[in-house]
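Q: Numbering of the sequence shown is given in my numbering, commencing with residue 3 and proceeding in unit increments. Shown below is the structure under consideration.
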Amino acid sequence: MKNEIEKMLELYFIAGTQDTKDRSLPDVLKEALEAGITCFQYREKGQGSLTDHEEIKKMAKTCLDLCKKAGVPFVVNDDVSLAVDIGADGVHVGQDDLAIEETIDLAGSDMFVGLSVNNLKEFKIAEKIDGVSYIGIGPVYSTYSKADAKETIGLGFIEKVVAQKSKKPIVAIGGISEERAVLVRKTGVSGIAVISAITKSTDIKKTVTTLKKLNKNEV
Ligand code: TZP
Ligand code: MG
């Protein structure tokens, strides 16, 4: 049976106010939750993002409440203090953020921790760290949603990593569109994470349904 974290990774939606310029983030999130996303990460980062801590905290709480009502885990990107402060379900960090060991310590036992990797060396290290609940790998394809994104790794790399038969669930990220989702799922990852596929969608219900399909026949 799949564990809770694996189930949660199935369709992982990530966004901050910078990603939803024409609509409010809570509006987009509400629609995505109704449509069936399985996890949400609040990532306030990049051009046009909020900078005032109180405003960020208020937005994070609004999103947390929406996720709670929908019974969907809420994750904070980078800021472990904010995650602890508002009682998030999880925190996600990258290689350039607060050290993973320190993040795990601060997260305590109530919160899960996700870690991003971009190559095999980082993956192998992440896999051995007890407190890491899942590993994010990407960008699979090129992305417009992260200005400082690392080199694209491609589907072949995802296949290589899945073949390692890691005990930790893997979520693939970066440039995953409705058309590409099935190809990525076919590699055997636990789930996919998207920003623009949902934030730029004109029909979130249809997009979420398509992104969750497991094979071409269902599309
Ligand atoms: N990390 C690696 S790629 C990426 C992040 C946060 C952005 C993914 O956004 P999109 O729009 O799904 O390509
Ligand atoms: Mg980060």
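The beta-carbon is built from N, C-alpha and C at its ideal position, and this holds for glycine as well.
What first and last residue would you give for the beta strand (DSSP E) that runs through L117?
A: F114 to V119 is the span of the beta strand (DSSP E), which, as asked, contains L117.
Q: In the DSSP assignment, find the beta strand (DSSP E) that holds V95 and state where it starts and stops.
A: Note, V95: beta strand (DSSP E), G92 to V95.
Q: Which first and last residues belong to the beta strand (DSSP E) in which L52 is found?
A: Per DSSP, L52 belongs to no beta strand (DSSP E) and is neither H nor E.
Q: Looking at C-alpha atoms only, which residue of D29, G193 and S203 is the closest neighbour of E69?
A: First, the amino acid is wrong: residue 69 is Cys here, not Glu. Ranking the options by Cα distance to C69, first place goes to D29.
Q: V191 to L216, Cα distance in whole Å?
A: Rounded to the nearest angstrom, the two C-alpha atoms are 11 Å apart.
Q: Would you give the residue range spanned by the beta strand (DSSP E) that V86 belongs to?
A: Where V86 is concerned, there is no enclosing beta strand (DSSP E), although the alpha helix (DSSP H) it sits in stretches over V82 to I88.
Q: Using CA coordinates, which residue listed in D112, N79, R25 and I155 is at the minimum distance from D98?
A: Nearest of D112, N79, R25 and I155 to D98, Cα basis: N79.
Q: Taking 7 Å as the cut-off, is the beta-carbon of A17 closer than that to any non-hydrogen atom of the ligand TZP?
A: No, the ligand TZP has no heavy atom inside 7 Å of this Cβ.
Q: Does the stretch 125–144 come close enough to the stretch 166–183 that 3 or more CB-CB pairs lie under 8 Å?
A: Yes, the stretch 166–183 touches the stretch 125–144.
Q: With distances taken Cα to Cα, identify the nearest neighbour of L66 among G50, S111, L84 and L52.
A: Minimum Cα distance to L66 is reached at L84.
Q: What are the start and end residues of the beta strand (DSSP E) that includes V78?
A: First-last of the beta strand (DSSP E) with V78: F76 to N79.
Q: Could you tell me which residues DSSP pairs with V173 in its beta bridges?
A: G138 and G193, per the DSSP bridge assignment.
Q: With distances taken from CA atoms, which of V196, T105 and L185 is nearest S135?
A: Per the Cα distances, T105.
Q: Please name the residue or residues paired with Y44 in a DSSP beta bridge.
A: According to DSSP, which records beta bridges pairwise, Y44 is partnered with A17 and V78.
Q: On the criterion of 16 or more Cβ atoms from any shown chain inside 10 Å, does N120 qualify as buried, or is it exposed?
A: Answer is buried; the Cβ neighbour count reaches 16.
Q: Would the beta-carbon of Y14 fall within 8 Å of that of A195?
A: Yes, they are a contact pair.
Q: Does DSSP put A183 in a helix, a strand or coil?
A: Residue state, collapsed to three classes: helix.
Q: Helix, strand or coil for S224? Go by DSSP, reduced to three states.
A: Nothing in the structure corresponds to residue 224, since the chain is present only between 3 and 221.
Q: Using a Cβ-based criterion (distance less than 7 Å to any ligand heavy atom), does N79 qualify as near the ligand MG?
A: Because some heavy atom of the ligand MG lies under 7 Å away, the Cβ of N79 counts as near it: yes.
Q: Just to confirm, does K148 get its C-beta within under 7 Å of one of the non-hydrogen atoms of the ligand FMN?
A: As presented, the structure is devoid of the ligand FMN, carrying the ligand TZP and the ligand MG as its sole ligands.
Q: What are the boundary residues of the alpha helix (DSSP H) that includes K32?
A: L27 to A37 is the extent of the alpha helix (DSSP H) around K32.
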